[in-house]
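Worksheet: the structure to be examined is printed underneath.
Residue numbers (this note's numbering): 466 to 597.
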């Protein structure tokens, strides 16, 4: 599901756990222990977002037929207040809806194309900081 009304991306537990395992492997000691943002994300950090983002690296959401969304390392973390930054992904089960949802945070700087006739969705890079 693609939902511009959801702040973050939400994944079913199986997918969330795989992402979390990789994040912990790369930056585990920097995790903010015991902190859960919004009741859905426990991949949060104190410190410099750029430094932690570099350690995490780019993230890629892969879909069927070679479609993917690349989240560049500079955009992996979201500031959630008080100097805390979280990976912009939460557990959808904690919302009461076990679904994979691409939220607003991971739609930024992307063109999203809905091809209704062919029943496809596509994504392309965009620079939304520039005026048209």
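We put the beta carbon where it would ideally sit given N, CA and C, even for glycine.
Residue i burial status per 10 Å Cβ neighbour count (16 or more: buried)
i: residue 525; result: exposed
i: residue 505; result: buried
i: residue 485; result: buried
i: residue 561; result: exposed
i: residue 581; result: exposed
Contacting residues, own chain, Cβ-Cβ under 8 Å from residue i (five flanking each side not counted)
i: residue 575; result: 534, 588, 589, 590, 591
6 Å Cβ shell around residue i - same chain, five flanking residues per side excluded
i: residue 514; result: 542, 550
Near the ligand MN: residue i beta-carbon under 7 Å from a heavy atom
i: residue 575; result: In the structure on display, the ligand MN does not appear, and there are no ligands present to speak of.
Same chain, Cβ closer than 7 Å to residue i, neighbours up to 5 away in sequence not counted
i: residue 469; result: 569, 572
Whole-angstrom C-beta distance between residue j and residue i, which should lie under 8 Å
i: residue 532; j: residue 502; result: With 8 Å as the limit, residue 532 and residue 502 do not qualify as a contact, their Cβ atoms being about 28 Å apart.
i: residue 517; j: residue 495; result: 6 Å
At 3 residues or longer, what runs of the beta strand (DSSP E) sit wholly inside the stretch 466–538? 474–476, 509–511, 524–527, 533–536
Does the stretch 553–564 touch the stretch 473–480, meaning 3 or more C-beta pairs lie closer than 8 Å? yes
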